[in-house]
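K.L.:
Chains as they are written, first to last, in the working numbering: chain G, 1 to 261; chain W, 1 to 281.
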């Protein structure tokens, strides 16, 4: 996808997570290259969210390695780095977009404070500068600047989701984890959000891992696809290839069960 | 003297609290957990402060107790009597005579001196409490010095009110490291914490935490570069003693809207009036 260097941004090998006797995800491995968007699809309970949690350091995997290439070009093991370093990485180089914007937003403070939070966490101590950045990012996610002092509570679902995206992108992360970013939104809002995401990903050169059960979302956003079932990756490849010519019986079932209006 | 042990608490409890205090002094601003005891007064009335005072008080100490800046309010009177009955120490209302001052809400206007100890009664010791509900998470945030969220609160204040609205318990950073709640003193008193020559001890009884600011330690109030920290000002002096640049209380004097502004520090006000003769009072 990208020409800068030979090294993938994220290198995952043998990632496994058990919940007691139950499997969360089993022996998952892939490379994510800079600027690439990876879709993870599968039915409910197939381990998509577990995988995302393990990758972003919110869950501790039972086995496996996750290597991340930092801005400086060195490779760090996400699972073995100190908590301080991991949290710093999560605040600067990573973003997490939750399915429910309420999980990712600070609902008790204004939109501007939500966008500015990461900047303040990084030590920006100039009110005017933070506000300016907030206004700029609200513009980029197509939220009217007038709403900067409004509570997220007063926003529609689609606006809340866009606010959550702005709040994550303000530190210009290089890797964004998205868990069902369009879930719970009506179809026209979904389309607009997908359009926005596609533009932002292209403009900012972001890499992203998008977990979804909606194949249409992956068709629009993802370059590559992992199909998961019962915690394992059953098929992977270029999105169009996997969706147009599914090889694994489960993928075939998944693709054929999409309703055509 | 009564039949109680000196200063009410048993010696083992005092040793335990002293160990917590030593640790608190060694790590300025860090909240040290301690085994808070049931005290003969209700939570919220200064159980933490009373335990700290009981652990550091000696027979030679001169005690002053302040509540809302005054020496003669219910809580101040009760706590002073409690220590008189259980220790027999001398008491005073004069700040410069006291060796040990237990206070709620105020730091005296008279500058504190080296050798004095000030004990603050703290209701909620955790500065991040209303921003992050999980105790495990706030501890991690302290450990990793992740205090950005406190500025989110200040940002929010400026956005809604045009200035930082927090008027008491204004968050500070101690010794350039730990974020600390200075107990509910008005932000007017925050500058007095900075490089104070006295030892400042903070006790929270219900929350079971002790923390401290050792003498001559930097205490910085949080602010933004373009919205610097400021303290309250009044456009008139004290109506009784004429002092300016001190913290004033508004007092309603009749039921027709009449009001006056007087010093909240009663000792400071009374001694100023005494010094200029009884005529102005």
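Each residue gets a CB set at the ideal place from its N, CA and C atoms; glycine is no exception.
From which residue to which residue does the beta strand (DSSP E) around residue 22/G run?
P.N.:
Element bounds for residue 22/G: 22-32.
K.L.:
Which value, in whole angstroms, describes the spacing of the CA atoms of residue 196/G and residue 263/W?
P.N.:
Their Cα atoms are separated by approximately 59 Å.
K.L.:
For the segment 209-232 of chain W, which residues have a beta carbon sitting closer than 7 Å to at least one beta carbon of chain G?
P.N.:
Result list: 224, 225, 226 and 227.
K.L.:
Please confirm whether residue 234/W has its beta-carbon closer than 8 Å to some beta-carbon of chain G.
P.N.:
Chain G, which has no Cβ nearer than 8 Å to the Cβ of residue 234/W, makes this no.
K.L.:
So, is residue 151/W buried or exposed, given that buried needs 16 or more other C-beta atoms within 10 angstroms?
P.N.:
The residue in question, residue 151/W, is buried, as its Cβ has 16 or more Cβ neighbours within 10 Å.
K.L.:
I want to see whether chain W comes within less than 8 Å of residue 110/G, judged by CB atoms only; does it?
P.N.:
By this cut-off, residue 110/G is an interface position.
K.L.:
In terms of alpha-carbon separation, which member of 203/W, 106/W, 227/W and 101/W lies closest to residue 249/W?
P.N.:
Closest by alpha carbon: 106/W.
K.L.:
Any C-beta of chain W sitting closer than 8 Å to the C-beta of residue 126/G?
P.N.:
Yes - at least one Cβ of chain W is within 8 Å of the one on residue 126/G.
K.L.:
Do residue 128/W and residue 55/W have their beta-carbon atoms positioned less than 8 Å apart in this structure?
P.N.:
No, the Cβ-Cβ distance between residue 55/W and residue 128/W is not below 8 Å.
K.L.:
Please check the pair residue 147/G and residue 121/G, which I expect to be a contact at CB under 8 Å, by giving their CB distance rounded to whole angstroms.
P.N.:
In fact, because the Cβ distance is near 23 Å, the residues do not count as touching under 8 Å.
K.L.:
Taking only runs of the alpha helix (DSSP H) that begin and end inside the segment 207-267 of chain W, which ones reach a length of at least 4 residues, in chain order?
P.N.:
The qualifying runs do not exist here; there are none.
K.L.:
Please list, in chain order, the chain W residues whose beta carbon lies closer than 9 Å to that of residue 87/G.
P.N.:
Going along chain W in sequence order, the residues near residue 87/G (Cβ under 9 Å) are 140, 144 and 146.
K.L.:
Closer than 8 Å is the cut-off here; do at least three beta carbon pairs connect the segment 38-49 of chain W with the segment 200-210 of chain W?
P.N.:
Enough Cβ pairs lie closer than 8 Å, so yes.
K.L.:
On the three-state DSSP scale, how would you describe residue 204/W?
P.N.:
In this structure, residue 204/W counts as strand in the three-state DSSP scheme.
K.L.:
Taking only beta carbons into account, state which residues of the segment 52-66 of chain G come closer than 8 Å to chain W, listed in chain order.
P.N.:
Those would be none; no residue qualifies.
K.L.:
Pull up the distance between the alpha-carbon of residue 23/G and that of residue 135/W, whole angstroms please.
P.N.:
Those two C-alpha atoms are separated by around 31 Å.
K.L.:
Starting from residue 66/W, follow the beta strand (DSSP E) in both directions and report where the run begins and ends.
P.N.:
Start and end: 62-67.
K.L.:
So what's residue 167/W in DSSP terms, helix, strand or just coil?
P.N.:
Coil.
K.L.:
In the DSSP output, which residue or residues are listed as bridge partners for residue 196/G?
P.N.:
The partner list for residue 196/G (beta bridge, DSSP) is empty, contrary to what the question assumes.
K.L.:
Comparing C-alpha positions only, which one of 221/W, 223/W and 201/W sits nearest to residue 213/W?
P.N.:
The residue with the shortest Cα to Cα distance from residue 213/W is 201/W.
K.L.:
What separation, rounded to the nearest whole angstrom, lies between the Cα atoms of residue 94/G and residue 259/W?
P.N.:
Near 57 Å, if we compare the C-alpha coordinates of residue 259/W and residue 94/G.
K.L.:
What does residue 116/G touch in chain W if you count any residue whose Cβ is under 8 Å from its own?
P.N.:
The contacting residues are 152 and 155.
K.L.:
Any beta carbon of chain W sitting closer than 8 Å to that of residue 90/G?
P.N.:
Taking Cβ atoms only, chain W never reaches closer than 8 Å to residue 90/G, which makes this a no.
K.L.:
Just grab the DSSP bridge partners of residue 226/G for me.
P.N.:
Paired residue(s): 40/G and 236/G.
K.L.:
From residue 37/W to residue 164/G, what distance separates their C-alpha atoms?
P.N.:
Cα-Cα distance, rounded: 46 Å.
K.L.:
Does residue 110/G pass the burial test, meaning 16 or more other C-beta atoms within 10 Å, or should it be called exposed?
P.N.:
That one is buried.
K.L.:
Identify whether residue 114/G lies in helix, strand or coil by the three-state DSSP scheme.
P.N.:
Three-state DSSP puts residue 114/G in a helix.
K.L.:
Could you tell me if residue 155/W is buried or exposed, where buried requires 16 or more neighbouring beta carbons within 10 angstroms of its beta carbon?
P.N.:
That one is buried.
K.L.:
Residues in the segment 133-158 of chain G with C-beta within 7 Å of chain W's C-beta atoms, listed in sequence order?
P.N.:
For the segment 133-158 of chain G, which is checked against every Cβ of chain W, the residues closer than 7 Å are 149.
K.L.:
Considering only C-alpha positions, which residue in the set 251/W, 179/W and 130/W is nearest to residue 220/W?
P.N.:
Cα-wise, what sits closest to residue 220/W is 179/W.
K.L.:
Can a CB atom of chain G be found closer than 8 Å to the CB of residue 158/W?
P.N.:
True, the Cβ-Cβ gap to chain G drops below 8 Å.
K.L.:
If we define contact as Cβ-Cβ less than 8 Å, is residue 149/W a contact residue for chain G?
P.N.:
So yes, residue 149/W belongs to the interface.
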